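Trainee:
Residue numbers (this note's numbering), protein chains in the order written: chain A, 19 to 285; chain B, 1274 to 1573.
Rendered as structure tokens:
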């Protein structure tokens, strides 16, 4: 039954992950295709970047080192657009999981069956993790074959590590959206709350990078723990990032599970 | 025969004990108690907002009572909610189906959750109710969506059916088919909690009825007892002047003209009939109070 519940959620949200993956893939191809012109102007960019405040360079994930394709992609694409796509994907999925099903009353169909609520919740979370993994693979790992099409070579571990970090980052936001979804009966409200929390985290991250006295605030933002540029440069994901993402995901998803187990459903 | 029940339980199937439910300041249910016995079709009546659906949602474990409890098959409706769903078929007052799924997708989901044994009865019900398995729910009319909901509730052959306005949106022919299925289900030993606005349906099907109003239980009786308690309506036309009925016990709502009289009587009809036989009656109509009349009276 657990497997069937996962399959049901995957089927219901097929359009979601296919659309996001296609958009992610499109962005990736766009960035790879403009790479030759970027490469030829790298000296000019280097000058511009060195004139920017250090905090801003850090906040925008701009690397000032000798550019490589993956370095360029990790700062321009994986460090910004791709992360927001991950956030949007998991928030859209998280709001569907409980809130949307209560709103459209289909939760009444599920709960009128002998289905344990915790199993249902975990199956939905499992399906979410699969959707996220599919998106990561289709929008990031494919950088290898795409680079090959354009006759570029690209380092192996960096790609894989950015994918893993992106997946963990997505998992932590999914935990947050599951928690909010478990409390609400409106998908729109879950999206709005999740969006507000993420925007606040991003604002904190930017402000803490720009204002020295607020530097410590950066630890409150999930965006601080993911820097694809650094991951590619150092060829490793900081342990602190892994711990924060996993902990945040487990804690928020567990709170959500407890709320969902206890909540009353007007369907 | 579609319905084959394999359960045998002689106790009270469903006991609602001092049930109260509050939503903020709103008292949706106030100390409601009733019992449903095995093999009954139990009518659950009340105007909109009376608390019928709230009670049903507590039976299904979707909502928790503020006070009191509901026991189904001796188990608590909230604590044992998952296990109880193995024994309850449910039709909700509002559609709860997946718009993008086909009829067959819904049945397959139930097969995955409850086992392959339900497939045969689902197919038979689909045939009886003329449901197209390939159609998506969003392509179905309200009546056809209701047919699917009924199919999903009945195909699992549960010992208890909880039906919240199940015939809403069904045409008279399908309504008759559904009533036949319910009678067949009852004959096989099934028990039904039927919430309905359709009083003729209740009159036709139900052994016992409970009426709630503003969250309070106001009647727990049978249809025939309810009718007996609310007496008869009498309309008579006389060739001569109308005799005086006002001094007879139990006479209410008397309207008299020169040759016609109309009134209700709650006590026995004997004194009325005596008076009528002493007069020259041209036309006489004695009818039991209809459920509509009774409800109108109760709700007022």
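Each residue gets a CB set at the ideal place from its N, CA and C atoms; glycine is no exception. For clarity, every value in this text was computed on a predicted model and none was experimentally measured.
Do we get a CB-CB distance below 8 Å when we pair residue 1325 (chain B) with the residues of chain A?
Mentor: Closer than 8 Å: no.
Trainee: What distance in whole Å lies between the Cβ atoms of residue 1536 (chain B) and residue 1524 (chain B), which are believed to be in contact at a cut-off of 8 Å?
Mentor: Yes, they are in contact, since the Cβ atoms of residue 1524 (chain B) and residue 1536 (chain B) sit about 5 Å apart, within 8 Å.
Trainee: Does the beta carbon of residue 149 (chain A) come closer than 8 Å to any beta carbon on chain B?
Mentor: So, not an interface residue.
Trainee: Going residue by residue through the region 1318-1347 of chain B, where are the continuous beta strand (DSSP E) segments of at least 3 residues, counting only ones entirely within it?
Mentor: 1340-1345, all fully within the region 1318-1347 of chain B.
Trainee: Please confirm whether residue 1316 (chain B) and residue 1301 (chain B) have their CB atoms less than 8 Å apart.
Mentor: In this structure, residue 1301 (chain B) does not lie closer than 8 Å to residue 1316 (chain B) by Cβ.
Trainee: What are the residues of the region 121-138 of chain A that lie near chain B, defined by any Cβ-Cβ distance shorter than 7 Å?
Mentor: Those residues of the region 121-138 of chain A that come within reach of chain B (Cβ to Cβ, closer than 7 Å) are 123, 124, 126, 127, 129, 130, 131, 132, 133, 134.
Trainee: Which residues does DSSP pair with residue 1528 (chain B) in a beta bridge?
Mentor: For residue 1528 (chain B), which the question treats as bridged, DSSP gives the partners B:1535.
Trainee: Does DSSP classify residue 1510 (chain B) as helix, strand or coil?
Mentor: Residue state, collapsed to three classes: strand.
Trainee: Please list the terminal residues of the continuous beta strand (DSSP E) segment that includes residue 1305 (chain B).
Mentor: Unbroken beta strand (DSSP E) run through residue 1305 (chain B): 1299-1310.
Trainee: Give me, in chain order, the residues of the same chain whose beta-carbon lies closer than 6 Å to that of residue 1552 (chain B); leave out the 5 immediate sequence neighbours on both sides.
Mentor: The answer, listed in chain order, is 1511, 1516.
Trainee: Give a yes or no on whether the minimum CB-CB distance between residue 19 (chain A) and chain B is below 8 Å.
Mentor: Interface residue, yes.
Trainee: Quick one: what's residue 1315 (chain B) bridged to in DSSP?
Mentor: In the DSSP output, where bridge partners are listed per residue, residue 1315 (chain B) has B:1466, B:1481.
Trainee: On the DSSP letters alone, give me the boundaries of the alpha helix (DSSP H) that residue 220 (chain A) sits inside.
Mentor: Looking at the DSSP string, the run of the alpha helix (DSSP H) that includes residue 220 (chain A) is 205-228.
Trainee: Thinking residue 96 (chain A) and residue 184 (chain A) are a contact (beta carbons under 8 Å), I'd like their distance in whole angstroms, please.
Mentor: The pair is a contact, with the Cβ atoms about 7 Å apart (cut-off 8 Å).
Trainee: Grab me the residues of residue 1274 (chain B)'s own chain with a C-beta within less than 6 Å of its C-beta, minus the 5 sequence neighbours each way, in chain order.
Mentor: No answer about residue 1274 (chain B) holds up, because its pLDDT of 48 lies below 50 and its placement is not dependable.
Trainee: Residues of chain A with CB under 7 Å from residue 1427 (chain B), in chain order?
Mentor: Neighbours of residue 1427 (chain B) on chain A: none; closest Cβ ~13 Å, over 7 Å.
Trainee: Could you work out which residues of chain A lie near residue 1385 (chain B), taking near to mean beta carbons separated by less than 8 Å?
Mentor: Those within 8 Å of residue 1385 (chain B) in chain A are 19, 22.
Trainee: Please report whether the beta-carbon of residue 279 (chain A) lies at a distance below 8 Å from any beta-carbon of chain C.
Mentor: The structure shown has no chain C; the protein chains it does contain are A and B.
Trainee: According to DSSP, which residues form a beta bridge with residue 1437 (chain B)?
Mentor: Residue 1437 (chain B) is bridged to B:1468.
Trainee: Can you list the residues of chain B that residue 282 (chain A) reaches, using a CB-CB cut of under 7 Å?
Mentor: Under the 7 Å cutoff, chain B gives 1335, 1336, 1337.
Trainee: To the nearest angstrom, report how far apart residue 1290 (chain B) and residue 1432 (chain B) are at their CA atoms.
Mentor: Their Cα atoms are separated by approximately 21 Å.
Trainee: Contact criterion: CB-CB distance below 8 Å. Does residue 36 (chain A) meet it with respect to chain B?
Mentor: No, no contact with chain B.
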